[in-house]
Amino acid sequence: MNKQELIDILNDDTKNDWLFKKADRIRHENVGDEVHLRGLIEFSNICKRGCKYCGLRSANKEIERYRILKDELLIYAKKAVEMGYRTLVLQSGEDDFYDTDKMVEIIHEIKKFDVALTLSIGEKTYDEYKAFKDAGADRYLLRIETTDKNLYKIMHPGVNIENRFRCLYDLKSLGYETGTGCLVGLPNQTIESLAEDILFFKKLNADMVGIGPFIPHEQTPLAKAQKGDFWLALKVMALTRLNLPDINIPATTAMETINPKGRIIALNSGANVVMPNVTSQEYRAKYEIYPGKICINENPEQCRGCIEGKILSIGRTVAKDKGFRRQKQK
Ligand code: SAH
Numbered sequence: 000m001n002k003q004e005l006i007d008i009l010n011d012d013t014k015n016d017w018l019f020k021k022a023d024r025i026r027h028e029n030v031g032d033e034v035h036l037r038g039l040i041e042f043s044n045i046c047k048r049g050c051k052y053c054g055l056r057s058a059n060k061e062i063e064r065y066r067i068l069k070d071e072l073l074i075y076a077k078k079a080v081e082m083g084y085r086t087l088v089l090q091s092g093e094d095d096f097y098d099t100d101k102m103v104e105i106i107h108e109i110k111k112f113d114v115a116l117t118l119s120i121g122e123k124t125y126d127e128y129k130a131f132k133d134a135g136a137d138r139y140l141l142r143i144e145t146t147d148k149n150l151y152k153i154m155h156p157g158v159n160i161e162n163r164f165r166c167l168y169d170l171k172s173l174g175y176e177t178g179t180g181c182l183v184g185l186p187n188q189t190i191e192s193l194a195e196d197i198l199f200f201k202k203l204n205a206d207m208v209g210i211g212p213f214i215p216h217e218q219t220p221l222a223k224a225q226k227g228d229f230w231l232a233l234k235v236m237a238l239t240r241l242n243l244p245d246i247n248i249p250a251t252t253a254m255e256t257i258n259p260k261g262r263i264i265a266l267n268s269g270a271n272v273v274m275p276n277v278t279s280q281e282y283r284a285k286y287e288i289y290p291g292k293i294c295i296n297e298n299p300e301q302c303r304g305c306i307e308g309k310i311l312s313i314g315r316t317v318a319k320d321k322g323f324r325r326q327k328q329k
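Read left to right, the sequence shown gives residues 0 to 329 (numbering that gives the first Met the number 0).
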């Protein structure tokens, strides 16, 4: 689709049902009915950045910070593998405590479990990304957040969008399955820029795209801003499926945070991945990028059971393989 077509659909709510059904069909035809579960380990909420929307921003003195060190992290990893996860995702704030040596050691240890490993630890240099890749990391998630240059600048003090693009192209060139995505509903974000976001996912040939509504956090400068619209976020996600038919698309936690059935609706509108948390309740609550995060009172076993039940209830199954992108040969 071209930019104008994307804008027209995003602006027209009379065809939403058609769009969601079509995205569901394209998902079925291209990646099948299996849902891939990725076990998420949020291992540090310490962050040097100041992203205006994020509760982990360094200026937030209200949250209790934590780091999960290697030995404890490996306990969660092992438990997740025993529960059947075939992919683990390590996510954190931008925490320089985990330098290249520490990350490489963790990656080596986790790869011994015979799982696919995704990192989501922010902006690094080419050499750092290369070291992680050489150590065995398979995938990397780094949302562009928004492709609107002005909005990006306002939302991310002290960094620039060119470096974020550079990171994504480095990751691609190093052979990572590269995930990106955007927030929907940031203050002053335009429909036009959301269309540009989708075109960027296509241009990058992203292997995974995560879309979530913006949720205001009390201890950020955007505390009083309006939250993102669930249906608009869902439309951006469905359009992403239409334009990149064979990629992996998660039903994001943020979707479920603003709509109690959010993940099921997303799975029925183009999504084929869910990322349940596999750390303890204590850490889940403290990894507060936005408030009201779901499942903070559940342990990893309960989460797994709950999400598996939901997946089966809509006639889908849980995949047993590592869930790499099944790119169609052109
Ligand atoms: N430091 C890593 C991980 C960031 S947390 C990185 O820079 O990639 C993962 C994602 O949470 C972010 O990419 C962002 O899109 C999302 N997020 C952060 N704050 C949010 C908020 N207030 N509402 C919704 N999503 C948010």
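All C-beta atoms, glycine included, are put in the ideal place defined by N, C-alpha and C.
With respect to the beta strand (DSSP E) encompassing Gly180, which residues constitute its N-terminal and C-terminal limits?
First-last of the beta strand (DSSP E) with Gly180: 176 to 183.
On the criterion of 16 or more Cβ atoms from any shown chain inside 10 Å, does Asp320 qualify as buried, or is it exposed?
Looking at its Cβ environment, which holds fewer than 16 other Cβ atoms inside 10 Å, Asp320 is exposed.
With a threshold of 7 Å, establish whether the CB of Tyr289 neighbours any heavy atom of ligand 1.
Checking every heavy atom of ligand 1 against the Cβ of Tyr289, one is found closer than 7 Å.
Tell me whether the beta-carbon of Thr251 lies closer than 8 Å to the beta-carbon of Gly291.
No, Cβ-Cβ distance for Thr251 and Gly291 is not below 8 Å.
Could you tell me the distance, in whole angstroms, from the CA atom of Glu217 to the CA atom of Lys152?
Computed Cα separation, rounded: 21 Å.
Any chance the region 125 to 135 sits against the region 155 to 163, with 3 or more Cβ pairs inside 8 Å?
With the cut-off at 8 Å, the region 125 to 135 and the region 155 to 163 do not touch.
Confirm the yes/no value for this check: CB of Ala253, any heavy atom of ligand 1, distance under 7 Å.
For ligand 1, at least one heavy atom lies less than 7 Å from the Cβ of Ala253.
Mind reading off the beta-carbon distance from Val114 to Arg85? Whole number of angstroms is fine, and I expect it under 8 Å.
Going by Cβ atoms, the distance from Val114 to Arg85 rounds to 6 Å, so yes, they are a contact pair.
In the structure shown, what three-state DSSP assignment does Glu41 receive?
Correct three-state label for Glu41: strand.
Rounded to whole angstroms, what's the CA-CA distance from Pro299 to Ala79? Just pull it up for me.
Computed Cα separation, rounded: 8 Å.
Among Glu104, Leu72, Leu238, Thr124, which one has its Cα closest to the Cα of Arg337?
Absent from the model: residue 337. The displayed extent of the chain is 0 to 329, so no value can be given.
For Ala58, I'd like the list of residues in its chain whose CB is within less than 8 Å of its CB, leaving aside the five on either flank, ordered along the chain.
Around Ala58: Gly49.
Relative to the C-alpha of Ala284, which residue among Thr13, Thr189, Glu297, Glu122 is closest?
Per the Cα distances, Glu297.
Determine the direct distance from the alpha carbon of Arg303 to that of Glu81, and round the result to whole angstroms.
If I take the Cα positions, the gap works out to 12 Å.
Keeping to the same chain, check which residues put their C-beta closer than 6 Å to that of Gly261; ignore five residues upstream and five downstream.
So the qualifying residues of the chain are Met254, Glu255.
Taking the straight line between their C-alpha atoms, what separation do you get for Phe213 and Ile74?
Going from the Cα of Phe213 to the Cα of Ile74 covers about 32 Å.
Under three-state DSSP, which class holds Met254?
Looking at Met254 - three-state DSSP - the assignment turns out to be helix.
Among Arg56, Glu108, Thr117, Tyr52, which has the Cα closest to the Cα of Thr145?
Checking every option, the nearest Cα to that of Thr145 belongs to Tyr52.
With the cut-off set at 8 Å, would you say Leu231 and Gly184 are in Cβ contact?
Closer than 8 Å, so yes.
Ordered along the chain, which non-local residues of its own chain (more than five positions away) have a Cβ less than 8 Å from that of Asp12?
Answer for Asp12: Trp230, listed in chain order.
Under 8 Å by Cβ, that's how I've got Gln90 and Glu41 pegged, so tell me the actual separation to the nearest angstrom.
At roughly 5 Å, the Cβ-Cβ gap stays under 8 Å, so Gln90 and Glu41 are in contact.
Rounded to whole angstroms, what's the CA-CA distance from Ile6 to Asp206? Just pull it up for me.
About 23 Å.
Cβ atoms of Leu198 and Thr179: under 8 Å apart, would you say?
Going by C-beta atoms, Thr179 is not nearer than 8 Å to Leu198.
In terms of alpha-carbon separation, which member of Lys69, Ile45, Ala136, Leu193 lies closest to Lys60?
Closest by alpha carbon: Ile45.
Please give me, in chain order, every unbroken run of the beta strand (DSSP E) with length at least 3 that falls completely inside the region 66 to 149.
Taking only runs of at least 3 residues, the beta strand (DSSP E) segments lying wholly in the region 66 to 149 are 86 to 91, 115 to 119, 138 to 140.
Could you check where the beta strand (DSSP E) with Leu36 kicks off and where it finishes?
Looking at the DSSP string, the run of the beta strand (DSSP E) that includes Leu36 is 33 to 36.
Quick one, which of Ser43, Val272, Lys77, Val235 has its alpha-carbon nearest Thr189's?
Comparing Cα-Cα distances from Thr189 to each of Ser43, Val272, Lys77, Val235, the minimum goes to Val235.
How many angstroms separate the CA atom of Glu194 from the CA atom of Asp70?
With the sequence shown as reference, residue 194 is identified as Ala, and Glu is not the correct amino acid for it. Cα-Cα distance, rounded: 43 Å.
Going by the beta-carbon positions, is the gap between Glu287 and Gly38 smaller than 8 Å?
Against a cut-off of 8 Å, the Cβ pair of Gly38 and Glu287 comes out as no contact.
What do you get for Asn247, buried or exposed, if any count of 16 or more other CB atoms within 10 angstroms of its CB means buried?
By the 10 Å Cβ count, Asn247 comes out buried.
Checking 8 Å against the spacing of the C-beta atoms, do Leu116 and Ala136 come in under that value?
In this structure, Ala136 lies closer than 8 Å to Leu116 by Cβ.
Would you mind working out which of Ile8, Asn10, Leu36, Gln280 sits nearest Ala270, comparing C-alpha positions?
Nearest of Ile8, Asn10, Leu36, Gln280 to Ala270, Cα basis: Leu36.
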